[in-house]
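Residue 175 is where the sequence shown ends in this note's numbering, and the numbering goes up by one at each step.
Heads up: the structure comes next, in structure tokens.
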Amino acid sequence: MEKVKIHDITQDGRGVGRLESGRVIMVPGCFPGDEISADVQETKSAKGALSGTLNEIIVNSPHRGTHPCDHFSQGCSGSILGALKYEYTTDWKLNHLSETLRRIGGVKNARIEPIIPSIEQWNYRDRIELQVVPEEAGLRPAFHGLDGPVPVKSCSLAMPSINKVLKS
């Protein structure tokens, strides 16, 4: 078990930290500013990053908020940033875009306009991607979770018309 301070978050929602040895570790369920204890697993990542399993959040990130969706804690990857305070997510997206343009695109000092915050943070998407999984009573829609399908009956991101269909 290792203690880690999380300093970034990946696009797929894993917290990124650095072990005392200097190795990078990625741990689902963690956010920048969290101080955690995690079990470390070796991975075959091309970049040598390790994977971790969260044991305990020792200090909560000041950016951590409350996620309105029950499926988030079950590993649904649809709204990973939803557990962060909204103001932080817009800053993170801007920084992530700038860093991606620099690192992958070779664009240095890109002039990027500020992100215009959405009026609606929840129940706004008119399209979501689902899969179907078997249940005792038949088939159930499910999101692609980090560890496999997550059956759902509602989605905090989807418009009410989609949620009506999910409940039926």
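Ideal Cβ positions, reconstructed from N, Cα and C, are used throughout, including at glycine.
Residue environment, Arg21, which counts as buried when at least 16 other CB atoms sit within 10 Å: Numbered from 1 along the sequence shown, position 14 holds the residue referred to as residue 21. Buried, by the Cβ-count rule.
Beta-carbon spacing of Trp129, Ser163 below 7 Å: Within the sequence shown, residue 129 is the residue found at index 122, counting from 1. Within the sequence shown, residue 163 is the residue found at index 156, counting from 1. In this structure, Ser163 lies closer than 7 Å to Trp129 by Cβ.
Beta strand (DSSP E) segment containing Thr107, residue limits: Residue mapping note: residue 107 aligns to position 100 of the sequence shown, counting from 1. For Thr107, no beta strand (DSSP E) encloses it; the enclosing alpha helix (DSSP H) starts and ends at Tyr93 to Arg110.
Within 7 Å, strictly: CB atoms of Asp15 and Pro35: Here the question's residue 15 lines up with position 8 in the sequence shown. Here the question's residue 35 lines up with position 28 in the sequence shown. Result no, Cβ atoms of Asp15 and Pro35 do not sit closer than 7 Å.
Gly112, buried or exposed, once every other Cβ within 10 Å from all chains shown has been counted against 16: Reading the sequence shown from its first residue, position 105 is the one you call residue 112. Per the 10 Å Cβ criterion, exposed.
C-beta atoms of Val157 and Cys83 nearer than 7 Å: Within the sequence shown, the letter at position 150 stands for residue 157. Within the sequence shown, the letter at position 76 stands for residue 83. Yes, they are a contact pair.
Through-space distance from Arg134 to Asp46, alpha-carbon basis: As a position in the sequence shown, residue 46 is number 39, starting the count at 1. As a position in the sequence shown, residue 134 is number 127, starting the count at 1. Answer to the nearest angstrom: the Cα atoms are 36 Å apart.
Helix, strand or coil at Ile169 [DSSP, three-state]: Taking the sequence shown and counting its residues from 1, the one referred to as residue 169 is at position 162. Looking at Ile169 - three-state DSSP - the assignment turns out to be helix.
Helix, strand or coil at Gln81 [DSSP, three-state]: On the sequence shown, position 74 is the one that residue 81 refers to. Note: Gln81 maps to helix in three-state DSSP.
Span separating the alpha-carbon of Trp99 from that of Glu142: The count along the sequence shown starts at 1 and reaches residue 99 at position 92. The count along the sequence shown starts at 1 and reaches residue 142 at position 135. C-alpha separation (whole angstroms): 38 Å.
Range covered by the beta strand (DSSP E) that runs through His74: In the sequence shown, residue 74 corresponds to position 67, counting from 1. Neither: His74 is in no beta strand (DSSP E) and is coded neither H nor E.
Cβ shell of Arg132 (< 7 Å), same chain only, five flanking positions each side left out: As a working note, residue 132 is residue 125 in the sequence shown. Closer than 7 Å at the Cβ level, and outside the excluded window around Arg132, lie Leu164, Ala165 and Met166.
Glu63 and Ser80 closer than 7 Å at C-beta: Here residue 63 refers to the residue found at position 56 when the sequence shown is read from its first residue. Here residue 80 refers to the residue found at position 73 when the sequence shown is read from its first residue. Their beta carbons are not under 7 Å apart, which means Glu63 does not touch Ser80 by this criterion.
Among Ile169, Pro69, Ser161 and Ser168, nearest to Asp77 - alpha-carbon criterion: Position 70 of the sequence shown, counting from 1, holds the residue named residue 77. For the residues Ile169, Pro69, Ser161 and Ser168, the minimum Cα distance to Asp77 belongs to Ser161.
Of the residues His74, Leu101, Arg30 and Val172, the one placed nearest Ile122, counting alpha carbons only: The residue labelled residue 122 in the question sits at position 115 within the sequence shown. Considering only alpha carbons, the answer is Leu101.
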